[in-house]
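Trainee: So the protein lines, in turn, are chains A and B.
First residue of the first sequence: 42, per this note's numbering; consecutive thereafter.
First residue of the second sequence: 11, per this note's numbering; consecutive thereafter.
There's a structure below that I have some questions on.
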Amino acid sequence: MDRNDSFREFMAVHQQSLMRTAYLLTGDAHLAEDLLQSVLLKVLSRWPKLVDVTSPQAYARKALVNQHISWRRRRTKAAELPSAEPPDRRYSIEDPTIIRIMMLRALAQLPPKQRTVIVLRYYEDLTEHETAKLLNCSIGTVKSQAHHALARLRVLAPELAPKFAEMEDLEGARR
Amino acid sequence: MTWLRDVLDDVADTAPPVDLTERTIGIRKRRRLRTTSITAAAAVIAIALGVTAAARLQPAQPRPAIAPRTVNDLPARGVKPLSHAFMTYCRPEHGEASAGCVHGWQVVTRSGTTYRVAQALSDFTPGLRPSPLAISRDGRKIAYYDTKAGTFAVRDLASGKVLTAPTKVPMGWLGRIVHLLLSDDGRFLAFTSAARLKNSAMLFDLHKRISRPLPNGWNPIGLSPDGDTITLAEYSPKTRLQTITRLWQTSPAGNTTTVDVAGNTTVGALGPDGHSIVALEFVKVGSAGCMRMGADLMHLDRKAGKVLRRVPVRDLSMTANVVLLRGWTGPHEIMALAKPFVCRDRDNTPASSLDPPDVPFTAYAVNVETGRARKLTTFTAQDSLNLVLPGFPGNP
């Protein structure tokens, strides 16, 4: 099996999962695809080392996060908000479509690192320790970034604030 | 945190399905073709290319050996139709050129074979812009500045037949930005440059071996099949369109129409119907004064310069990309090249590099009636001027 075949196997299993993460990080389908494409080129160029030494998926995820933060820093001034908005008519905040739109809009307004922490902690389910390692920062930074990000999300999407409060109460009770 | 996890999962569910496997392997393969990494290989390439200046940039110490790869020169004949051409700089202001960098124009066939066009002038100082290269709409002919002939040449890739322009074009006429437009049959070639020298822009009839002057500083965007009418665009000091008819008649009085176009716009090629022109508007973004394109495709009246209607572009983010219009891919579709929009603070702008990194350019076919964009493929190049697709070579 040559390197391309093993890369194809890796892609068959992990490509869409990486695309989902890229989409959550960028909030834009085209940007997500560009981000993933650029990361996959890095992955493929290091492929012989990656398959022997470590997990290619972990490398790809780390590269995705780093590339995203680096791109977003440069693009902050031109940051784009998703064009979809909640409808003018009355709507329920239990409606998954409405929640999705609100969340996308709120996430788009977070600084890149805060958004990344949210994605890694609450979507990828990484621990604070794993998140800190991936972002090359301290656990304290991860905690504070997550705290600020959740507080900011409550402000940016006030309709979802009760849900956030409920969620954090549950989290507190579990501790 | 189950609720947030579920919401994020729900958002992630809307990510479109992608299949980047073969594209990634293809891009990697093309890059590796351009990248060899030993001094010996670099020297061999440099000798083959005659690029002695590049050789002087190589360090004295030998580098670790990696299997050398080379890019073959364009064969004398039998080359299949092209998908695109790209120009690579290997002369950085500081440090050394990346290992195995192949300086100059390279053409890529639709099947992915890459050839170096050794006979084409690559770049010229002090402009530091690529010398132009154009590909006919069917991908079967290329036009370039032939250094040996001292003028422009059009080469039929299958037969290897080369037609040179009837008039010598001194390199001093090329200026900073040069535009070429090749007719579909390869018979007519328009050349204009930003060097505002009198009579230094021309239209060549390569069959009859005659030429006629064109207004300089304009960008040719359309040529009628019989070579009798040309449409040009100008961007400085303002956007204007000019149509010149009866190009080869002895008394051309009254054959020129010039109109102003409102706003700061950039136009694509003249449509295949001979009169449609679509444009994009520049918009300023952020305090750094960065420019990208507006959200609408504008249909222009070629004779009055007015905006006839605006069509919002869909399925192509106009805010996340800088979008450049190229030639038409069908009666209702125009090609648009999109590269990620990056706005740097002016104070933060890095020094210009003569060996900039490759950036992705994604080609879309945009329906001019509906605005819907259809993704075609992704190229990589150092700059938009360094990437040439068949047909209209485009604006900077």
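Backbone N, C-alpha and C define an ideal beta-carbon position, used for all residues, glycine too.
From a predicted model like this one, the values you see are computed outputs, not experimental measurements.
My parser needs the alpha helix (DSSP H) runs of 4 or more residues fully inside the segment 73-99 of chain A; what are they?
Mentor: Entirely contained in the segment 73-99 of chain A, the alpha helix (DSSP H) runs reaching 4 residues are, in chain order, 88-94.
Trainee: Kindly list the residues whose CB is nearer than 7 Å to the CB of residue 143 (chain A), restricted to its own chain and excluding five residues on each side of it in sequence; keep chain order.
Mentor: In the first sequence, residue 143 (chain A) corresponds to position 102, counting from 1. Around residue 143 (chain A): 127, 198, 200, 201.
Trainee: Does the CB of residue 115 (chain A) have a neighbour CB from chain B at under 7 Å?
Mentor: Within the first sequence, residue 115 (chain A) is the residue found at index 74, counting from 1. Bear in mind that the predicted position of residue 115 (chain A) carries a pLDDT of just 49, short of 50, making it too unreliable to give a figure here.
Trainee: Put residue 328 (chain B) into one of helix, strand or coil per three-state DSSP.
Mentor: Locating residue 328 (chain B) in the second sequence gives position 318, counting from the first residue. Correct three-state label for residue 328 (chain B): coil.
Trainee: Mind checking the segment 60-77 of chain A against chain B and listing, in chain order, the residues whose C-beta falls within less than 8 Å of any C-beta there?
Mentor: Listed by position, the residues of the segment 60-77 of chain A near chain B (Cβ gap below 8 Å) are 60, 61, 62, 63, 64, 65, 69, 70, 71, 72, 73, 74, 75, 77.
Trainee: Any contact between the segment 154-167 of chain A and the segment 24-37 of chain B? By contact I mean 3 or more CB pairs, one from each, below 8 Å.
Mentor: Contact fails: fewer than three Cβ-Cβ distances are below 8 Å.
Trainee: Going by DSSP, what residue range makes up the alpha helix (DSSP H) through residue 19 (chain B)?
Mentor: By one-based count along the second sequence, residue 19 (chain B) stands at place 9. Counting along the chain, the alpha helix (DSSP H) containing residue 19 (chain B) begins and ends at 12-23.
Trainee: Between the segment 221-238 of chain B and the segment 158-173 of chain B, are three or more C-beta pairs nearer than 8 Å?
Mentor: No: the two stretches stay apart, fewer than three of their Cβ pairs being nearer than 8 Å.
Trainee: With C-beta atoms as the reference, is residue 77 (chain A) less than 7 Å away from residue 60 (chain A)?
Mentor: Position 36 of the first sequence, counting from 1, holds the residue named residue 77 (chain A). Position 19 of the first sequence, counting from 1, holds the residue named residue 60 (chain A). Yes. Within cutoff.
Trainee: What does the alpha-carbon distance come out to for the pair residue 168 (chain B) and residue 129 (chain B)?
Mentor: Start at 1 with the first residue of the second sequence, and residue 168 (chain B) comes out as number 158. Start at 1 with the first residue of the second sequence, and residue 129 (chain B) comes out as number 119. If you take the alpha carbons of residue 168 (chain B) and residue 129 (chain B), they lie about 17 Å apart.
Trainee: Can you give me the Cβ contacts of residue 183 (chain A) inside the same chain, cut-off strictly under 8 Å, excluding the 5 residues immediately before and after it?
Mentor: By one-based count along the first sequence, residue 183 (chain A) stands at place 142. Around residue 183 (chain A): 158, 162, 169, 172, 173, 176.
Trainee: Contact defined as beta carbons within less than 8 Å: I believe residue 376 (chain B) pairs with residue 318 (chain B). What is the distance between those atoms, to the nearest angstrom?
Mentor: Translated into the one-based positions of the second sequence, residue 376 (chain B) becomes position 366. Translated into the one-based positions of the second sequence, residue 318 (chain B) becomes position 308. About 17 Å; that fails the 8 Å criterion.
Trainee: For residue 147 (chain A) and residue 371 (chain B), what's the separation of their Cα atoms in angstroms?
Mentor: Within the first sequence, numbered from 1, the residue matching residue 147 (chain A) stands at position 106. Within the second sequence, numbered from 1, the residue matching residue 371 (chain B) stands at position 361. When rounded, the distance between both Cα atoms is 29 Å.
Trainee: Using the rule of at least 16 other Cβ atoms within 10 Å of the residue's Cβ for burial, across every protein chain shown, is residue 26 (chain B) buried or exposed?
Mentor: As a working note, residue 26 (chain B) is residue 16 in the second sequence. The residue in question, residue 26 (chain B), is exposed, as its Cβ has fewer than 16 Cβ neighbours within 10 Å.
Trainee: From which residue to which residue does the alpha helix (DSSP H) around residue 143 (chain A) run?
Mentor: Taking the first sequence and counting its residues from 1, the one referred to as residue 143 (chain A) is at position 102. Looking at the DSSP string, the run of the alpha helix (DSSP H) that includes residue 143 (chain A) is 137-149.
Trainee: Identify whether residue 55 (chain A) lies in helix, strand or coil by the three-state DSSP scheme.
Mentor: For the purposes of this step, residue 55 (chain A) is taken as residue 14 along the first sequence, with counting starting at 1. Helix.
Trainee: Using 7 Å as the threshold, is the C-beta distance between residue 398 (chain B) and residue 95 (chain B) below it?
Mentor: Counting from one through the second sequence, the residue named residue 398 (chain B) turns up at place 388. Counting from one through the second sequence, the residue named residue 95 (chain B) turns up at place 85. Taking 7 Å as the Cβ cut-off, residue 398 (chain B) and residue 95 (chain B) qualify as a contacting pair.
Trainee: Under a three-way DSSP split, which group does residue 142 (chain B) fall into?
Mentor: Residue mapping note: residue 142 (chain B) aligns to position 132 of the second sequence, counting from 1. Coil at residue 142 (chain B), not helix or strand.
Trainee: So who's on the other strand from residue 377 (chain B), going by DSSP bridges?
Mentor: As a working mapping, residue 377 (chain B) is identified with position 367 in the second sequence. DSSP lists B:343 as partners of residue 377 (chain B).
Trainee: Let me know the secondary structure DSSP gives residue 385 (chain B) once reduced to three states.
Mentor: Along the second sequence, read from residue 1 onward, the residue named residue 385 (chain B) stands at position 375. It is a strand residue.
Trainee: For the segment 302-330 of chain B, which residues have a beta carbon sitting closer than 8 Å to at least one beta carbon of chain A?
Mentor: So the close ones are 302, 326, 327, 329, 330.
Trainee: Between which residues of its own chain and residue 197 (chain B) is the CB-CB distance below 7 Å, once the five residues before and five after are set aside?
Mentor: Position 187 of the second sequence holds residue 197 (chain B). Result list for residue 197 (chain B): 215, 216, 217, 237, in chain order.
Trainee: Give me the Cβ distance between residue 143 (chain B) and residue 115 (chain B), rounded to the nearest whole Å; I'm assuming they're in contact under 8 Å.
Mentor: As a position in the second sequence, residue 143 (chain B) is number 133, starting the count at 1. As a position in the second sequence, residue 115 (chain B) is number 105, starting the count at 1. Yes, they are in contact, since the Cβ atoms of residue 143 (chain B) and residue 115 (chain B) sit about 5 Å apart, within 8 Å.
Trainee: Report the option in B:126, B:99, B:271 whose CA atom is closest to the CA atom of residue 133 (chain B).
Mentor: Here residue 133 (chain B) refers to the residue found at position 123 of the second sequence. Residue B:99 is the option with its Cα nearest to residue 133 (chain B).
Trainee: Go ahead and label residue 146 (chain B) buried or exposed: buried means 16 or more other beta carbons lie within 10 angstroms of its beta carbon, across all protein chains shown.
Mentor: The count along the second sequence starts at 1 and reaches residue 146 (chain B) at position 136. The residue in question, residue 146 (chain B), is buried, as its Cβ has 16 or more Cβ neighbours within 10 Å.
Trainee: Using only the alpha-carbon positions, how far apart do residue 191 (chain B) and residue 339 (chain B) sit?
Mentor: Within the second sequence, residue 191 (chain B) is the residue found at index 181, counting from 1. Within the second sequence, residue 339 (chain B) is the residue found at index 329, counting from 1. Computed Cα separation, rounded: 16 Å.
Trainee: So which residues of chain A does residue 31 (chain B) contact, with C-beta pairs closer than 8 Å?
Mentor: Along the second sequence, read from residue 1 onward, the residue named residue 31 (chain B) stands at position 21. Per Cβ cutoff of 8 Å: 48, 49, 52, 53, 56.
Trainee: Quick one: is residue 373 (chain B) near chain A, going by C-beta distance under 7 Å?
Mentor: Taking the second sequence and counting its residues from 1, the one referred to as residue 373 (chain B) is at position 363. Output row for residue 373 (chain B): interface = no.
Trainee: With a threshold of 7 Å between beta carbons, is residue 119 (chain A) in contact with chain B?
Mentor: What you label residue 119 (chain A) is simply residue 78 of the first sequence in a count that begins at 1. Residue confidence for residue 119 (chain A) is low, a pLDDT of 40 falling below 50, so the modelled location carries little weight; the figure read from the coordinates is stated next. With 7 Å as the cut-off, residue 119 (chain A) counts as an interface residue toward chain B.
Trainee: Quick one: what does DSSP say residue 165 (chain A) is sitting in, helix, strand or coil?
Mentor: If you number the first sequence from 1, residue 165 (chain A) lands on position 124. Correct three-state label for residue 165 (chain A): coil.
Trainee: Taking just the CA atoms, how far does residue 67 (chain A) sit from residue 389 (chain B)?
Mentor: As a first step, residue 389 (chain B) is located in the second sequence; it is residue number 379 there, counting from the start. As a first step, residue 67 (chain A) is located in the first sequence; it is residue number 26 there, counting from the start. Looking at the two C-alpha atoms, the distance is approximately 21 Å.
Trainee: Report the residue from B:328, B:253, B:345 whose alpha carbon sits nearest the alpha carbon of residue 8 (chain B).
Mentor: Since the first residue of chain B shown is 11 and the last is 406, residue 8 (chain B) is not available in this structure.
Trainee: Can you name the residues that DSSP bridges to residue 189 (chain B)?
Mentor: Here residue 189 (chain B) refers to the residue found at position 179 of the second sequence. Note: residue 189 (chain B) sits in a beta bridge opposite B:202.
Trainee: Could you name the residues of the segment 371-405 of chain B whose beta carbon sits closer than 8 Å to any beta carbon of chain A, in the order they occur along the chain?
Mentor: The segment 371-405 of chain B vs chain A, Cβ under 8 Å: 372, 388.
Trainee: Nearest to residue 136 (chain A) by alpha carbon, out of A:204, A:50, A:86?
Mentor: Here residue 136 (chain A) is taken as the residue at index 95 of the first sequence, counted from 1. Cα-wise, what sits closest to residue 136 (chain A) is A:204.
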